[in-house]
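J.: Handing you a structure now.
2 protein chains.
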Amino acid sequence: MLKISNQGDDMKKTDHLKNAGLKSTLPRIKVLSLFESAEQRHMSAEDIYKLLLSTGDDVGLATVYRILTQFEQAGLLVRHFFEGGKSVFELNQGKHHDHIVCLQCGQVEEFYDQAIEERQEKAATERGFSIRDHSLYIYADCNKENCPHR
Amino acid sequence: MLKISNQGDDMKKTDHLKNAGLKSTLPRIKVLSLFESAEQRHMSAEDIYKLLLSTGDDVGLATVYRILTQFEQAGLLVRHFFEGGKSVFELNQGKHHDHIVCLQCGQVEEFYDQAIEERQEKAATERGFSIRDHSLYIYADCNKENCPHR
DNA sequence: ATCGCAAATGATAATGATTATCATTTGTAT
DNA sequence: ATACAAATGATAATCATTATCATTTGCGAT
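Residue numbers (my numbering), protein chains in the order written: chain P, 10 to 159; chain R, 10 to 159.
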């Protein structure tokens, strides 16, 4: 008798987790929900830990790290190594894309360029390498109205 | 009366450092020499610290970190954030290039593709961003003879 | 609904990379 | 040779992340 919250949604997440080979636990559902509802797609472990704290949905920091790694391995999340050393995660929505990160406000925009993808593949195969993964980050100033510093 | 070693070379490095706005000190000369002579262009702070230890040219680890950061700011070195979390440095030889990193043996190959550069610039300007910097890392298997794991 | 147990969690210690502190040493201009 | 700011080195501190381990929980079998 503890199945309180919006069951429709939680059921969907439970299935989502089960399909990924992970058992449905409260912390995992909370983290998944956060990614599906958060305004910012790209979040670090610390971001998530604090957001959950702020809504009273406490989850231990160690658990947050564990869940992020599991979700990454299960293909639910994609991990990024932006400059600065800490890992940042986003929901995996199937379609690969690269990132432009604003150095002033941290805003992240995604883009995809077929030509770039092809040239990368070419550069690798020309040298006898088999691509496993790649990461392209453009660091820039977004020049937006609401961006601090100019 | 302590100017022992190969003075011609050290003089060049002294000038090199002076030009970069850094005073010529023994630890800085050692680190610079290492980058100019090492077989591997890409090295971490730990790599450098250990290499210097192994040749008896002891330099404190903290000093290695400081020097690397200073050299980066002076434009003598370029810092990279490969997957794995630790910073890796290489001599700045003026010409920008991207990297292919072998996930098996860690070997790094450099490449430059004008089309990729142009498409990146285009992607950024199309979105109103002004590029400051960018990093493209391809992670792959090098398939070389001497590479472990296959 | 209840049991049992492997799996998951949370608090915290431990680790690895990097930075800060501060007393001592070293370039360098005088 | 002198003086002093800058640099160094040993070490403590910090930050992100992982490991440990006692406790709790999801879930299949009853």
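Glycine is no exception: its CB is placed at the ideal position from the N, C-alpha and C atoms.
#1: Per DSSP, what kind of secondary structure is H25 (chain R) in: helix, strand or coil?
#2: Helix, strand or coil for R136 (chain P), going by three-state DSSP, please let me know.
#3: Quick one: any contact between the region 114-121 of chain R and the region 57-70 of chain R, if contact means 3 or more CB pairs under 8 angstroms?
#4: Taking the alpha-carbon of E48 (chain P) as reference, which of P:S139, P:H143, P:E99 and P:A149 has the nearest alpha-carbon?
#5: Quick one: is R160 (chain P) buried, meaning 16 or more other Cβ sit within 10 Å of its Cβ, or exposed?
#6: Determine the burial state of D107 (chain P): buried for a count of at least 16 other Cβ atoms within 10 Å of its Cβ, exposed for fewer.
#7: Could you work out which residues of chain P lie near L86 (chain R), taking near to mean beta carbons separated by less than 8 angstroms?
#8: Please check if any C-beta of chain R sits within less than 8 angstroms of the C-beta of R37 (chain P).
#9: Pull up the distance between the alpha-carbon of T64 (chain P) and that of N155 (chain R), whole angstroms please.
#10: Out of curiosity, what's the CA-to-CA distance linking R88 (chain P) and L43 (chain P)?
#11: Let's see if you can read the secondary structure: which residues bound the beta strand (DSSP E) around L100 (chain R)?
#12: Would you say F80 (chain R) lies against chain P (beta-carbon separation less than 8 angstroms)?
#13: Would you call the CB atoms of A149 (chain P) and D122 (chain R) closer than 8 angstroms?
#14: Got a sec? Which residues, its chain only, sit under 6 angstroms from T72 (chain P) by beta carbon, not counting five neighbours each side?
T.: In this structure, then:
#1: Helix.
#2: The answer is coil: DSSP assigns R136 (chain P) none of H, G, I, E or B.
#3: Per the Cβ contact rule, the region 114-121 of chain R is not in contact with the region 57-70 of chain R (fewer than 3 Cβ pairs under 8 angstroms).
#4: The residue with the shortest Cα to Cα distance from E48 (chain P) is P:E99.
#5: Residue 160 (chain P) cannot be examined here, being either before or after the span of chain P that is shown, 10 to 159.
#6: D107 (chain P) comes out buried.
#7: For L86 (chain R), no chain P residue has a C-beta closer than 8 angstroms to its own C-beta; the minimum C-beta separation is roughly 15 angstroms.
#8: Interface with chain R (8 angstroms Cβ-Cβ cutoff): R37 (chain P) is excluded.
#9: Computed Cα separation, rounded: 53 angstroms.
#10: Whole-angstrom Cα-Cα distance: 16 angstroms.
#11: Residues S96 to L100.
#12: It does not; no Cβ of chain P falls within 8 angstroms.
#13: One thing to note: A149 (chain P) has its Cβ no nearer than 8 angstroms to the Cβ of D122 (chain R).
#14: Within the same chain, T72 (chain P) has close Cβ partners P36.
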